[in-house]
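Written out below as structure tokens is the structure these notes cover.
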Amino acid sequence: MTATVRQPALRWAFVILLLTSATMAGLLIDPYVSLTSQAMLYVLAVELACYRLGQLEAAVCALGAVAALNFFFVPPRWTFAVDQREHLIALAVMLLVATLTSRLATGMRRETQAARLSEGRARQLQELATRLSASSSAHEVRALGQAALAAAFGPTACLALTNPQDRLEDTPALAPEVRAGMEYCLRENAANGPDSAPDVRPRTRCLPLGEQGRVFGAVAIQLPGAQPSESLEHARALASLLAQALWRLSLNASMLAARGEAQRQEVLNTFLASISHDLRTPLATILGASTSLQTQRDRLSPVQQARMLESITTEARYLGTLTDNTLQLARLSNPMQELHRDWESVEEIVGAALARVRPQDPMRRIRSEIPANLPLLRADPVLLGQLLVNLLDNALKYSDAAIGLDAEVRQDWLELCVSDRGRGIPATERAALFRPYSRGDRSGQRGAGLGLAVCDAIARAHGGTLAVTDRTGGGSRFCLRLPVEPQHPLEEAP
Amino acid sequence: MSLRVLVVEDDREIRTVMQSALAVEGFEVVTAVSLSEAQALVRHSAPDMVLLDLGLPDGDGTELVREVRQRSNLPLIIVSARDQEAQKIRLLDAGADDYLSKPFSIGELLARIRVALRHRGTALEPAVTLHELDDLSINLGTRLVLRAGQPVHLTPTEFKLLARLVRSAGRVVTHRQLLTEVWGEAFSAHTHYLRLYMGQLRAKIEREPAEPRHLLTEIGVGYRLATA
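Chains as they are written, first to last, in our numbering: chain A, 2 to 495; chain B, 335 to 562.
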């Protein structure tokens, strides 16, 4: 219960002021009015005291008023003696009225205050619910909860969430006994208080943030002296809101994780399905040719035998390339994987790539035009080599005429292009060209599905791009653009 | 007496294929399936050459390479898969003679073995001082480099670099080995020196620098002077 005037000294001063004013006014109008009117002045003073002050002050004021009326105005005046029974009754009634009014007023005021408090709490719950519904992290929920608790129960109120191991997080501000109380809440998923061990501190209550059988943390509050059960109820309501918000967040998180996992699974399934298809064909050839040699060698002509051996070798080499590409794609799709970059010479990488593809190019269709004195690149040479081998392999596979390989520096970019005279790639298919296993089997050729995806991933890992354009006169031109970094000077020329 | 080759390989199929292919070529083959077995065989069966597979169950082989190098210049060829780059380079820098990437053809394997055997004993005998292939001739003694009969003028550093490759002709020489031996220990990470000087050498020696015949690039590992 709180009075309108808060400071005790001020309240007593107000009592004295009221009584003095009533007495002065009574004395002033004394010549003109009867005792009844003067008594009414004191009743007014007592009413005012009831309205503005606490029950104790109002009672004292009533007693004082009766005493003052008796002393100043009831004959014989200037004494506390009362000569007529009528006056005695009047004084007694007045005391009764004053006391009753005071009790009524205080009761009413208390109810109003309670109503206002519960209205404020209802509003707080509503606001918190709105804010929580917009929150997107446990961190935010904690901040909102801490603020709401502090607003409702003062700065000693605190809140702690559980960490991923379902233990209470380390909050430095938490007193050990409060922490122990919270841990009890987590264990039991129940509030602790006087009737449930351990009792933390007098009037401190810990409540779990529990929802659907899961506990997300705990709150600790200091119960006020007045209306402790309503306060506890409010604390429960706040805790329940916070727990619901945390439950919603954890549901969202597990839903996202499940969706991500499903997507990964789908990508992996597509990949495995495609790669096992790409593996099965060459394996079938190898197995067919080798078992044929095993069982029918006597009946096969030397030419036929040589052809079978040739098939085995070709298919095995193809499987090697496929394995390399798969390996590089797996490496590049791992975000933790760093490139092994060093200063590299384009001429050398081209030279090494040509050395690798020449066995498949007996007619020497590939013609390279690499100018001297190209700048060095900061690059992973193994990956760039693989990129070039893939592009050249494709060009050899998908075209029959000459294949161009040229390099050029344009401002801060180096362009390395492979041009063929194949059938070209329709504009509608270009976007899909660089996605793993998106290749349409238009040509009846196999194996390019992974190769271009690897090329694109390698280009992007180097901060560059890979693009395909049509050539005038037919065919495609695949161009790799790589950034040229400031060249490292020779510190000395030994 | 035939030369004895120690094949260290834990996969039975490859081991069998290598064994029979080498036996056909007249080598005597001993096999080991682990590093510990290989160490014992190196000590007790006196092989003339070792083919060491990476990714054995009991270690990465660095220890074996060090041990072999401390005592002899027994030729040692690393057989590695493509995803074992770092390990391969470490073993080459530790003193392995050459490497071969899986999958390989028997032809490649035999070529590597021939080169390694040719260099056998170079620590005791005079090092290779003369190199000739196609129209290129390099004489380290007279410091004369001829291309199609015409002398090629090289700067001292270019010559040092070429000479280092000639001494290991046919074998890979790692970036680190070239940088430390030509420029010095402090330059072991200055790959760009190597790129620039190799570019200059190719421009002077090769007909088509972008598709070299002599100065071959082993991507990410080093260089090799072609011998065939």
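Ideal placement from N, C-alpha and C gives every residue a C-beta, glycine not left out. Note that this is a predicted model, so its numbers are computed, not measured.
Exercise. Listed from N- to C-terminal order along the chain, which residues in the region 462 to 474 of chain A have their beta-carbon within a distance smaller than 7 Å of any beta-carbon of chain B?
Worked result: none
Exercise. If you draw a straight line from the alpha carbon of M256 (chain A) to that of L426 (chain B), how long is it in whole angstroms?
Worked result: 50 Å
Problem set entry | L390 (chain B) to K422 (chain B) span [Cα, whole Å] | 13 Å
For this session: Kindly identify the DSSP beta-bridge partner or partners of W414 (chain A).
Result: A:R411 and A:P484
Problem set entry | Test item: CB-CB of L162 (chain A) and G218 (chain A) under 8 Å | yes
Exercise. When you compare only the Cα positions, how much space is there between L559 (chain B) and A274 (chain A)?
Worked result: 43 Å
Exercise. Listing by chain order, which chain A residues have their CB less than 7 Å from the CB of D417 (chain B)?
Worked result: L328
For this session: Report the residues of the region 337 to 361 of chain B with a CB closer than 7 Å to any CB of chain A, ordered along the chain.
Result: none
For this session: Kindly indicate the opening and closing residues of the alpha helix (DSSP H) around N164 (chain A).
Result: No alpha helix (DSSP H) holds N164 (chain A); DSSP gives it neither H nor E.
For this session: Count the C-beta pairs between the region 42 to 50 of chain A and the region 92 to 106 of chain A that are closer than 8 Å, then say yes if the count reaches three, no if not.
Result: yes
Exercise. Should the region 507 to 514 of chain B be regarded as contacting the region 328 to 340 of chain A, the criterion being three or more beta carbon pairs within less than 8 Å?
Worked result: no
Exercise. At a Cβ cut of 7 Å, what residues of the region 308 to 329 of chain A count as close to chain B, listed as they run along the chain?
Worked result: A317, G321, D325 and L328
Exercise. Could you give the C-beta distance for L397 (chain A) and R365 (chain A), rounded to a whole number, given that I count them as a contact under 8 Å?
Worked result: Not a contact, Cβ separation roughly 11 Å.
Problem set entry | Pick from A:F73, A:P9, A:I17 and A:Y52 that is closest to S35 (chain A), judged by C-alpha positions | A:F73
Exercise. Between the C-alpha atoms of T456 (chain B) and H526 (chain B), what's the straight-line distance to the nearest angstrom?
Worked result: Reliability of the predicted coordinates at T456 (chain B) is poor, the pLDDT of 47 falling under 50, and the value obtained from them is presented with this limitation in mind. C-alpha separation (whole angstroms): 30 Å.
For this session: Just the C-alpha distance for M41 (chain A) and L242 (chain A), rounded to the nearest angstrom, thanks.
Result: 54 Å
Problem set entry | Reference C1 (chain A), options A:A192, A:W79, A:D279 and A:F435, closest by Cα | Since the first residue shown for chain A is 2 and the last is 495, residue 1 (chain A) is missing from the structure and cannot be characterised.
For this session: Give me the Cα-Cα distance between L417 (chain A) and L434 (chain A), rounded to the nearest whole angstrom.
Result: 19 Å
Exercise. What residues in the region 368 to 380 of chain A bring their beta carbon closer than 7 Å to a beta carbon of chain B?
Worked result: S369, I371, A373 and L377
Exercise. Name the residues in the region 497 to 517 of chain B whose C-beta lies less than 7 Å from a C-beta of chain A; which are they?
Worked result: W517
Problem set entry | Sub-8 Å separation of R338 (chain B) and S368 (chain B) beta-carbons | no
For this session: Mind reading off the beta-carbon distance from M309 (chain A) to A290 (chain A)? Whole number of angstroms is fine, and I expect it under 8 Å.
Result: 4 Å
For this session: Apply the 10 Å Cβ neighbour rule to P546 (chain B) and answer buried if 16 or more other Cβ atoms are within range, or exposed otherwise.
Result: buried
For this session: Run down chain B in chain order and give the residues with a C-beta less than 8 Å from the C-beta of L355 (chain A).
Result: A544 and E545
Exercise. Residue range of the alpha helix (DSSP H) that N391 (chain A) falls in?
Worked result: P382 to Y399
Exercise. K494 (chain B) and V479 (chain B): beta carbons closer than 8 Å?
Worked result: no
For this session: Count the CB pairs spanning the region 461 to 478 of chain B and the region 401 to 413 of chain B that are closer than 8 Å, and state whether there are at least three.
Result: no
Problem set entry | Reduced DSSP category for I371 (chain A) - H, G, I as helix; E, B as strand; rest coil | coil
Exercise. Less than 8 Å separating the beta-carbons of Y433 (chain B) and V351 (chain B)?
Worked result: no
Exercise. Roughly how many whole angstroms lie between the Cα atoms of S302 (chain A) and L294 (chain A)?
Worked result: 11 Å
Exercise. Nearest-angstrom Cα distance between T21 (chain A) and I90 (chain A)?
Worked result: 23 Å
Problem set entry | Top-ranked residue by Cα proximity to Q1 (chain A), from A:Q338, A:C186, A:E231 and A:R168 | Because chain A here runs from 2 to 495, residue 1 (chain A) falls outside it and cannot be looked at.
Problem set entry | Assigned secondary structure, T157 (chain A) (DSSP; H/G/I helix, E/B strand, else coil) | coil
Exercise. Hey, quick one: how far does the alpha helix (DSSP H) through L233 (chain A) stretch, first residue to last?
Worked result: P229 to Q297
For this session: Report yes or no: is there a C-beta of chain B within less than 8 Å of the C-beta of D442 (chain A)?
Result: With a pLDDT of only 46 at D442 (chain A), under 50, the local geometry of the prediction cannot be trusted, and no value is derived from it.
Exercise. Between the region 475 to 492 of chain B and chain E, which residues of the former have a C-beta closer than 7 Å to a C-beta of the latter?
Worked result: In the structure shown, chain E cannot be found, because the protein chains are A and B.
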